[in-house]
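Chemist: Below you will find the structure I want to go over with you.
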Amino acid sequence: MPEAAQISDPIVGIDLGTTHSLVAFCDAAGPRILTNEAGARMLASAVRYRAGFAVEVGAEARRNAVEFPLDTVLSAKRLMGRSFDESKSMRSGFEFEVVEGTRGLAAISAGGAHVLPQEVAAVILSELRRTAELQLGCEVRRAVITVPAYFDDGQRQATRDAARLAGIDAVRIVNEPTAAALAYGIGRSGDAQTIAVYDFGGGTFDISILQVIPESVPGDGDLFRVIATAGDTQLGGDDLDHALAQQLLKDAGMASSKENVKIAAGARQALREFAESTKIALSQRESAQIDIDLGSEVRLQRTLSRVEFEALASPFIERTILACERALLDAGGIAIDRVILVGGSTRIPLVRKRVGEFFGLEPYTALDPDCVVALGAAAQASVLQGTRSDVLLLDVIPLSLGIETVGGAVAKLLTRNATIPARAKEMFSTSVDNQSHVQLHVLQGEREMVSDCRSLARFELRDIPPMPAGIPQIEVEFLVDANGVLHVTAGERRSGRRATVQVVPSFGLTNEEIERIEHESIVHARSDMHHHRVVDLAVNSTLDIKWIGDALLRTRDDLPSEYVDSLEALITRLKGFISLAHTSPHDVDANAFQQAKEELDRASVAMHEKSISKSLGSMSTSLSAPISTPNTESKT
Ligand code: ADP
Ligand code: MG
Numbered sequence: 020m021p022e023a024a025q026i027s028d029p030i031v032g033i034d035l036g037t038t039h040s041l042v043a044f045c046d047a048a049g050p051r052i053l054t055n056e057a058g059a060r061m062l063a064s065a066v067r068y069r070a071g072f073a074v075e076v077g078a079e080a081r082r083n084a085v086e087f088p089l090d091t092v093l094s095a096k097r098l099m100g101r102s103f104d105e106s107k108s109m110r111s112g113f114e115f116e117v118v119e120g121t122r123g124l125a126a127i128s129a130g131g132a133h134v135l136p137q138e139v140a141a142v143i144l145s146e147l148r149r150t151a152e153l154q155l156g157c158e159v160r161r162a163v164i165t166v167p168a169y170f171d172d173g174q175r176q177a178t179r180d181a182a183r184l185a186g187i188d189a190v191r192i193v194n195e196p197t198a199a200a201l202a203y204g205i206g207r208s209g210d211a212q213t214i215a216v217y218d219f220g221g222g223t224f225d226i227s228i229l230q231v232i233p234e235s236v237p238g239d240g241d242l243f244r245v246i247a248t249a250g251d252t253q254l255g256g257d258d259l260d261h262a263l264a265q266q267l268l269k270d271a272g273m274a275s276s277k278e279n280v281k282i283a284a285g286a287r288q289a290l291r292e293f294a295e296s297t298k299i300a301l302s303q304r305e306s307a308q309i310d311i312d313l314g315s316e317v318r319l320q321r322t323l324s325r326v327e328f329e330a331l332a333s334p335f336i337e338r339t340i341l342a343c344e345r346a347l348l349d350a351g352g353i354a355i356d357r358v359i360l361v362g363g364s365t366r367i368p369l370v371r372k373r374v375g376e377f378f379g380l381e382p383y384t385a386l387d388p389d390c391v392v393a394l395g396a397a398a399q400a401s402v403l404q405g406t407r408s409d410v411l412l413l414d415v416i417p418l419s420l421g422i423e424t425v426g427g428a429v430a431k432l433l434t435r436n437a438t439i440p441a442r443a444k445e446m447f448s449t450s451v452d453n454q455s456h457v458q459l460h461v462l463q464g465e466r467e468m469v470s471d472c473r474s475l476a477r478f479e480l481r482d483i484p485p486m487p488a489g490i491p492q493i494e495v496e497f498l499v500d501a502n503g504v505l506h507v508t509a510g511e512r513r514s515g516r517r518a519t520v521q522v523v524p525s526f527g528l529t530n531e532e533i534e535r536i537e538h539e540s541i542v543h544a545r546s547d548m549h550h551h552r553v554v555d556l557a558v559n560s561t562l563d564i565k566w567i568g569d570a571l572l573r574t575r576d577d578l579p580s581e582y583v584d585s586l587e588a589l590i591t592r593l594k595g596f597i598s599l600a601h602t603s604p605h606d607v608d609a610n611a612f613q614q615a616k617e618e619l620d621r622a623s624v625a626m627h628e629k630s631i632s633k634s635l636g637s638m639s640t641s642l643s644a645p646i647s648t649p650n651t652e653s654k655t
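Right, here's the structure in full:
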């Protein structure tokens, strides 16, 4: 796309976060995060001041914070627009020194000078601006910047000032929960909805209840009314890291039988980092291996299970749930239609579970919780810029949605132009005996084969009990809700195993692309259909041959040899078609293939009858004994 050349005076979207900040941009292909030259999407909101040197910003500054705690400013957002007095009452202290600035405002003493929180924010914004300019290939002077819903006028003004210092005109300040809702396309349908945005980040927790105001202009920032907020500015993922680190230290103390484990600051930081990575690992896995050398001959080795971590995390998570309760109460107990998860800590499975339970709804997780606010800010920016292609604000499904089946074909569950909300279900099974997990591949497009469709998501249904191929009943359900979010659920009926995934199918799709896909599907309709038919024939013929082969093994001795020979000849012929279908499917004569399959099916009937009567015979002998016993008893 030659878009870089076409952009002039773009408006970017910025999530200026307490621990991480991001910049995003939205063009006709939808919003996307802009990455820095190292490919990183998130910029650590950390700035280190060094007398006589340039400031250091980002991950490097955060890492060095342990060594230079007095000169490194972390979480400056907490101090934005706050008075010095307010800063004193903040529960968690800052490692750096907070001093009284002009007009009684909170300022920071770092690197031998006094800086205001907005100056720190300006350093972060400048870095994001640089990233954006690098990616877009033009000057960036305007941005939509997000702030927490509870920010007062002073805090919002401080954010604007920070932008100005960074050479950015903050064309709009948008609430973070509003941006999250916009990223999900909520409000575009114009329906009245109530949305809960649950934002659990690194250092803060916010819950906001928003209401869509139906009569307002779609895409406008005033589309949402914040009807209640609650939260805790001192509660976040950092607390979980801390709790875990404490627990590990306690364990180490016991293990080493030393009464006082004294560890250096560096080791303490290492332990924190270790705790964080263990926490993150446990969002994915059931257990994590721990092996750390804490110095002073203290070495900690153990396995930590997710259940153990959950026991530690649970009190913090329950505090967020209490805040949700408060917010709901403030909102007058209004019914919630959607719950959106924002912030890295919402990747914790227990968080998802508890939020889902509390609201009685499956929360939205289709978008990366780290990026959702920045993406929404970019979406808002594109509306202000007037570039948003509104074709994607749809009340119909623009392209068919389906699932990959054996052989690389696509089974379509929802077809193009179905009105949303739309729901469809289909049953699938396994193709291999004792298959314990099934890969599900969600696809979008009009073509028949996976390779010609857009891949939307992959997920796995695990722990299916062992059963012969074709026996498990796997129900796949597609639901595209009123906001265009696709929820795919797969469940195995007998075992009750379930797995789900969410995606936003309209993401990254432009009107032109939809047209191109449609056009291609028409051009290739004939050959695609042929291909799909050949693949299906190959899959079914392979299964036939397997069954027939198995039955033939059992009955062979009871069958006339000419009959066995003729069956084997038919099998060989069909195998020829199958192998051609795998190597060059377009050269297969589908009608001849089908005929060969039918001939084998017909010819094998006699053998199947033999096979069935044989197994019935063996079954009846084993059944006859228990049946006859009670009969004789009742007669006596
Ligand atoms: P903020 O908005 O406050 O800047 P983020 O949304 O970036 O914060 O969230 C950062 C927090 O998310 C950190 O505490 C980090 O450890 C946590 N986090 C990130 N990924 C995961 C994960 N997979 N599991 C658990 N916690 C995670
Ligand atoms: Mg955040």
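Just so we're aligned: the sequence shown equals residues 20 to 655 in the numbering used here.
Where is the CB? At the ideal position from N, CA and C, for every residue including glycine.
Everything numeric in this text was worked out from a predicted model, so none of it was measured.
1) Cβ-heavy atom distance between D270 and the ligand MG below 7 Å?
2) State the CB to CB distance for the pair M99 and A215, rounded to an integer number of angstroms; the pair is presumed to be in contact (CB under 8 Å).
3) Got a sec, what are the start and stop residues for the alpha helix (DSSP H) H549 sits in?
4) DSSP on Y203, reduced to helix/strand/coil?
5) Output the distance between the C-alpha atoms of V507 and R442, rounded to the nearest integer angstrom.
6) Please classify H133: does DSSP put it in a helix, a strand, or coil?
7) Residue ranges of each alpha helix (DSSP H) run of no fewer than 4 residues wholly in the region 167-230, ordered along the chain?
8) Can we count G77 as close to the ligand MG, meaning its CB is less than 7 Å from some heavy atom?
9) Would you mind listing the alpha helix (DSSP H) stretches within the region 369-418 that are 4+ residues and don't spill past its ends, in chain order?
10) Between the alpha carbons of S585 and T519, how many angstroms are there, rounded?
11) Which of the three DSSP states is assigned to C157 in this structure?
12) Suppose contacts are defined by Cβ-Cβ distances below 8 Å. Is T252 in contact with I228 by that definition?
13) In chain order, which alpha helix (DSSP H) runs of at least 4 residues are fully inside the region 292-352?
14) When DSSP labels each residue in this structure, what does R366 get in the three-state scheme?
15) Expressed to the nearest angstrom, what Euclidean distance is found between the alpha-carbon atoms of R466 and A162?
16) With respect to the beta strand (DSSP E) encompassing D577, which residues constitute its N-terminal and C-terminal limits?
17) By alpha-carbon positions, which one of Q614, H601 and L184 ends up nearest to I590?
18) Can the beta-carbon of I353 be found less than 8 Å from the beta-carbon of F378?
19) Is it buried or exposed for A80, if we count other Cβ within 10 angstroms and need 16 for buried?
20) Can you tell me whether K431 is buried or exposed? The criterion is at least 16 other CB atoms within 10 Å of its CB, across all chains shown.
21) D569: which of L475, S630 and L578 sits nearest, CA to CA?
22) Which residue wins for smallest C-alpha separation from A84, given the options Q288, Q137 and E537?
23) Which residues in the same chain as D104 place their Cβ atom closer than 8 Å to its Cβ, once the five residues preceding and following it in sequence are excluded?
24) Could you tell me which residues DSSP pairs with E479 in its beta bridges?
25) I need the boundaries of the beta strand (DSSP E) containing D18, first residue and last residue.
26) Can you tell me whether V402 sits near the ligand MG, meaning its C-beta is under 7 Å from at least one heavy atom of the ligand?
27) Which residues bound the beta strand (DSSP E) around E511?
28) Cα-Cα, which of P233, D310, V166 and T223 is closest to F335?
29) Can you list, in chain order, the residues of its chain with a C-beta nearer than 7 Å to that of H627? Leave out the 5 residues immediately preceding and following it.
30) Measure from the alpha carbon of P9 to the alpha carbon of each residue in L475, M468, S514 and D471, then state which is nearest.
31) When you measure from the CB of D349 to every non-hydrogen atom of the ligand MG, does any distance come out below 7 Å?
32) Looking at C-alpha atoms only, which residue of I564, L323 and A476 is the closest neighbour of R621?
33) Please state whether DSSP places V583 in a helix, a strand or coil.
34) Say whether chain B places a C-beta atom closer than 8 Å to the C-beta of D28.
35) Rounded to the nearest angstrom, what separates L348 and L53 at their Cα positions?
Modeler: Inspection of the coordinates gives the following:
1) no
2) 25 Å between Cβ atoms; not a contact.
3) A544 to T574
4) coil
5) 10 Å
6) strand
7) 172-184 and 195-202
8) no
9) 391-404
10) 48 Å
11) coil
12) no
13) 325-349
14) helix
15) 39 Å
16) That residue, D577, is in no beta strand (DSSP E); it is neither H nor E in DSSP.
17) Q614
18) no
19) buried
20) buried
21) S630
22) Q288
23) G123
24) Q458
25) Residue 18 lies beyond the residue range present for the chain, which begins at 20 and ends at 655; the question has no answer from this structure.
26) no
27) L505 to E511
28) T223
29) A570
30) Residue 9 falls outside the range modelled here, since the chain spans only 20 to 655, and no answer is possible.
31) no
32) I564
33) helix
34) Note that chain B does not occur in the displayed structure, where there is just one protein chain.
35) 39 Å
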